[in-house]
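Under our numbering, the first residue of the sequence shown is numbered 7, with each subsequent residue one higher. This report refers to the structure that appears directly beneath it.
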Amino acid sequence: MDNYLINKELSEFIEKVSRLARGEIAPWVAQGDQEVFPMALWRKLGDAGLLGIAIPREYGGLGMDYLAITLAAEAVVSQGGSLGIGFSWMIHNVVARLVFSGLGSEGQRSRYLPGLAQGRITASISISEPEVGAHPKYLKTRADRRGDAYVVNGEKAYLTNGPFVDLYVVLAITGTAGAGEKKQFSAFIVPKETPGVALTAPMKLANFKPSPHCGIRLLNCEIPAENLVGEEGTAYPVIAIAFREIEDVTLMGLVLGGINRQMSLLLKELRLQGGTVAKDLQADVGRLQYLRDTLRLIACEAARILDSGNRQGDLLSLVLSFRELARHFQEGLEKSAAAVLTGNQEFLILSSDLVRAINLARNVMTLKQKKQGAALLQKT
């Protein structure tokens with residue numbers, strides 16, 4: 007792990023993650039059944055402290071940052087071989103850091119952070135709604151204030167880890183503001199057992215197995231006002247937009263891990279061929295190596311900017327560049343591995359998952375790219 011951003015403590019931590027992934031996740035992957043989420047493995051991750059990476063030490067976490075989450079994500083997938091396990095794990099850590107540690111009240115932190123750090127509690131962020139995604143203009147879930155509580159009604163979809171979590175962080179409309187009556191959103195901690203909460207059927211996704219997804223319906227759910235996260239009316243920018251940004255960066259770690267795993271499988275097969283590897287294929291493999299190294303540098307720098315809080319426009323440029331280079335890597339890898347790893351099931355699953363990860367929210371990225379271009383064209 008040769009990088010100027012990585013100190014001895016972080017390097018030793020990543021090695022610990024790598025050992026656990028090799029010892030626990032990889033054997034589970036080798037069993038071949040990726041349809042059912044392995045709760046026993048999830049508990050082992052919690053026991054090892056990997057579900058509270060960025061939770062402060064005083065609440066039982068490791069007190070690290072988004073760079074640690076990003077590089078740990080790389081190790082989880084690279085050494086464990088499952089992008090699905092990595093995705094569930096990453097989302098848990100991001101929600102714990104952004105919502106509960108970053109925005110929670112002292113009472114919320116004391117109540118939930120120790121359990122989140124140990125994996126005894128898992129939370130899912132609940133923003134998107136059926137058929138409309140997460141666009142604020144089309145979201146309908148409402149929370150109406152009644153005395154010391156809010157009554158929440160609506161439906162949420164695409165909840166990562168939704169089927170087994172204990173808490174839902176639900177974004178709901180709590181008012182409007184401005185001449186255009188722009189919707190204002192607030193976030194609420196909604197325990198799974200709250201009367202009126204009902205899970206919808208698990209979603210059958212082709213990728214990221216065994217990461218489970220579902221939706222929830224909320225019918226007259228009475229939520230205590232103390233479960234409000236942050237200031238009323240501010241949730242869309244401070245949670246929804248921030249979550250998208252953080253997910254874009256930490257997802258780089260998962261993609262890097264998958265790329266490392268793909269390269270290992272390819273190199274293993276090519277080495278078995280001995281001296282029969284053609285010169286042009288050697289050049290292709292060299293190109294894959296420098297693309298991978300560049301992707302890691304971008305991921306580390308993006309995470310550093312995220313941790314600094316000074317995001318500006320540089321972060322978007324890094325995210326867009328990472329995805330474009332990752333697509334180039336996959337195209338080059340497909341060319342190099344076409345005849346070598348055709349029947350390798352692990353390679354095929356990884357490749358499918360990585361294409362999905364690289365193109366996640368691609369329409370949103372395209373709109374951001376156009377906006378960035380338009381801004382440049384308007385400058386004199």
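By construction, the Cβ of each residue, glycine as well, lies at the ideal position given by its N, Cα and C atoms.
- Along the segment 85-119, the alpha helix (DSSP H) occurs as fully enclosed runs of 4 or more residues at 89-101, listed in sequence order.
- Residue environment for P201: exposed (fewer than 16 other C-beta atoms within 10 angstroms of its C-beta).
- Look at A27 here: in three-state DSSP terms it is helix.
- Linking P136 to C220 through their CA atoms gives a straight-line distance of about 11 Å.
- For secondary structure counted as the beta strand (DSSP E) over 3 or more consecutive residues, the segment 108-189 holds these complete runs in sequence order: 129-132, 148-152, 155-166 and 173-183.
- Per the DSSP secondary-structure output, R302 pairs with nothing in a beta bridge.
- For E352, the closest alpha carbon among the candidates V23, V35, Q295 and I20 is that of V35.
- For R223, the uninterrupted beta strand (DSSP E) segment begins and ends at H219 to P230.
- Residue burial annotation: L273 is exposed, with fewer than 16 other C-beta atoms found within 10 angstroms of its C-beta.
- In this chain, the beta strand (DSSP E) harbouring A204 covers V203 to L205.
- Secondary structure of L234 (DSSP, three-state): strand.
- DSSP lists Y174 as the beta-bridge partner residues of V196.
- Your pair L271 and L177 does not check out as a contact, with CB atoms roughly 40 Å apart and the cut at 8 Å.
- Straight across, the Cα-Cα distance linking E18 with D313 is about 20 Å.
- Looking at the backbone, the Cα of L173 and that of Q378 are separated by about 37 Å.
- DSSP, read as helix, strand or coil, puts T76 in helix.
- For L273, the enclosing alpha helix (DSSP H) has its first and last residue at A248 to L278.
- Of all C-beta pairs linking the segment 49-67 to the segment 92-110, three or more are shorter than 8 Å, placing the two stretches in contact.
- Non-local C-beta neighbours of K374 in its own chain, meaning closer than 7 Å and more than five positions away in sequence, comprise L322, ordered along the chain.
- Between G264 and D359, the C-beta gap is smaller than 9 Å, which places the two residues in contact.
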